[in-house]
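The structure appears right after this line, and notes come after that.
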Amino acid sequence: MAALCVEELLARAEQRAAEPHRSVAVEKELELEFDLGNLLALDRNPPPSMPRAAGAQRESRLRSLARDNTQLLVAQLWGLPAGRAEGATGPLVAQLPEPSYRLPREKPLPRPRPPTRWEQFARLKGIRRRKRTSLVWDEAAKQWRRRWGYERAGGDPARDWLIEVPAGADPNEDQFAKRLRDKREKVARNEFNRLRNIARGALPGRGLHPTGHQSRAELGRATQVARVSTASLGRFQPRLPKEPAAPPPRGGKKRHFAPLLGDLAAERSRQLELLRGLGSKKPPLDLTRAVNKQLREEDAQAAAGKGRKRGQRGKRGRQRPGGGKGPAGGKKGGARRQQQRPAGRKRS
Amino acid sequence: MRPLTEEETRALFEKLAKYIGENIQLLVDRPDGSYCFRLHKDRVYYVSERILKVATSIPGDKLVALGTCFGKFTKTQKFRLHVTALDYLAPYAKYKVWVKPGAEQSFLYGNHVLKSGLGRITENTAQYQGVVVYSMADVPLVSDSAGRGVDCSSENSDELALSRVVLIQVGA
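Residue numbers (the numbering used here), protein chains in the order written: chain C, -8 to 339; chain D, 450 to 621.
Next comes the structure, spelled out in structure tokens:
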């Protein structure tokens, strides 16, 4: 048995070696239409005639047709711009263009959600939604109070010390208990209606309640919504052992700083650029300074001309211009000096 | 601990430029080592690369300081220069003011320097120019430990002997 298999293998190998290499060129009457985004090739050539009877021949003809068209498609793929994924040693990856052929819809259109009980009623009665004000006038407290919550209008606990027995009511009935009971009933009725709406699929969360007939994708969506429905929006929810790690959050106002020990040379060059930019913004001419400089020079010349004896008085020689008047008089002093100058100043 | 952002670097350099002008590039680009500015808990530290690498192994909440503290950023992101930066500013200062021994103590205790207490001053010092104050022994001083900067008003009015020469500006 084994010997037979080996002989078969050898025979097949010989056959393959004997065959010439199949060429890559394919001849077609009409060019194929390609949609490389979908890896689609449309062959509009008339199919080769295949008589019904011949089974094996038909098979081989179909096979060669498929092979030719695939060859053409792959040739087109090799013409796409390519890059190496994951660095220089990764696999060669072609960049597919955007798909142009619109594939038909896989699933039927979703049906619109049925209206809730209230929505039906409102439509019937013609009730429309009115925008509510955030503050309500509280007559008892004589001020604007919020509609609900802390210190709400009409919710003052001191108000409840007395309930008047209404006209037709039983005088021995406990009105406080009645009020409590009524409130409980109202809440329970509301809850019942809410659950009924959910069961009818009228609420937005209609894919998220376990029915036992959900697909994997629906369950995944439900899991995601459940994860995010925490106070921290799912940031600290533990993950299952094989669940993939959270994708990095995008957007938001998180600041990103440069790495601590990053490229110090680059940092230095950036700082030097900044310095250059800062330095170029200096004002070109400061008039006060220019005038004062001029005055100083004149003073120095005059002092040098007058005599050397003043220069020996301690370190405070005439090199230093006179101390300033202080901020209040500084600029005015300069201006005044400018006016005094032409009149001539006698130095004692 | 992190490097400074663009705005923070600009604020820092603008403040330093008041005292040392374009000599900041000598601080940034030093021939004898690679130094950089790092921000840790709102304080700016000038630190060499070697020390920075060692400091990264200390947990952030336990790290007190590293290198030299130049100053800190206030809540509204203004940069306030501290006296600990003096060692690096003094050698590069553009405008210097020397204070007489008599006025030195008064200055250190927070008073202005009057004209009579002024020993020497660099030429061409403009009004409100940032200066570094030295004692007559060429020891750099600053007004107090909070690092308040010093401004000089230098006009040519030598008639007024008691005019205030060196003002202590709140918030360098």
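No residue lacks a Cβ here, since even glycine has one placed at the ideal position from N, Cα and C. Predicted model, so just to flag it, every value in this text is computed and none were measured.
Just so you know, the alpha carbons of SER260/C and GLY225/C end up roughly 42 Å apart. ILE118/C counts as exposed, since fewer than 16 other beta carbons sit within 10 angstroms of its beta carbon. Neighbours of THR458/D in chain C, taken as residues at a C-beta separation under 9 Å, are given in chain order as ARG261, GLN262 and LEU265. Under the three-state reduction of DSSP, SER40/C is assigned to coil, being neither helix nor strand. Look at the segment 68 to 144 of chain C and you find these whole runs of alpha helix (DSSP H), each 4 residues long or longer: 108 to 116. Scanning chain D for C-beta atoms nearer than 7 Å to the C-beta of LYS284/C yields ASN573, reported in chain order. Taking a beta-carbon distance threshold of 8 Å, LEU252/C counts as an interface residue toward chain D. Taking every protein chain shown into account, the CB of PRO39/C has fewer than 16 other CB atoms within 10 angstroms, so this residue is exposed.
For LEU31/C, the enclosing beta strand (DSSP E) has its first and last residue at 31 to 33. Contact annotation: GLU455/D and LEU488/D have beta-carbon atoms that are not nearer than 8 Å. Counting along the chain, SER260/C sits inside the alpha helix (DSSP H) bounded by residues 255 to 270. Between PHE519/D and ALA534/D, the C-beta spacing is below 8 Å. For the options ARG136/C, GLN215/C and ASP277/C, the alpha carbon positioned closest to that of PRO238/C is the one of GLN215/C. Fewer than three Cβ pairs drawn from the segment 457 to 471 of chain D and the segment 501 to 517 of chain D lie within less than 8 Å of each other, which leaves the two stretches out of contact.
Take ASN188/C, set aside five residues on each side of it, and the residues of its chain with a beta-carbon closer than 7 Å to its own are THR107, ARG108 and LEU194, in chain order. Contact between the segment 142 to 159 of chain C and the segment 121 to 133 of chain C is present, with at least three C-beta pairs closer than 8 Å. Contacts between PHE556/D and chain C, judged by CB atoms closer than 7 Å, are missing: the closest CB pair is about 15 Å apart. GLU258/C counts as buried, since at least 16 other C-beta atoms from the protein chains shown sit within 10 angstroms of its C-beta. The residue among PRO550/D, SER555/D, GLY559/D and PRO452/D with its C-alpha nearest the C-alpha of ARG569/D is PRO550/D.
The beta-bridge partner set that DSSP reports for LYS284/C is empty.
Under the Cβ criterion of 8 Å, LEU269/C is counted among the residues facing chain D. Checking the DSSP bridge columns, you'll see SER55/C has no partner listed. For the 8 Å CB-CB criterion, GLY516/D and VAL532/D do not form a contact.
Within chain D, no C-beta atom comes nearer than 7 Å to that of LEU224/C; the closest sits roughly 26 Å away. At the C-beta level, LEU512/D and LEU252/C stay beyond 8 Å of one another. Taking 8 Å as the cut-off, the Cβ atoms of LEU100/C and LEU71/C do not count as close. Cβ atoms of GLU24/C and LEU30/C stay farther apart than 8 Å, at about 13 Å. DSSP places ARG569/D inside the beta strand (DSSP E), whose first and last residues are 567 to 570.
Where THR517/D is concerned, the enclosing beta strand (DSSP E) starts and stops at 517 to 522. For the segment 493 to 512 of chain D, residues whose beta-carbon sits nearer than 9 Å to a beta-carbon of chain C comprise GLU498, LEU501, LYS502 and THR505.
Put simply, the CB of ASP478/D is near chain C, with a gap under 8 Å to one of its CB atoms. CYS(-4)/C is bridged by DSSP to nothing; it lacks a bridge partner. The CB of LEU255/C comes closer than 8 Å to the CB of SER483, CYS485 and GLU498 in chain D, given here in chain order.
Between ALA281/C and chain D, the shortest Cβ-Cβ separation is not below 8 Å. A straight-line Cα-Cα distance of about 46 Å links ARG93/C and ARG123/C. If you draw a straight line from the Cα of ARG191/C to the Cα of LEU210/C, it comes to about 19 Å.
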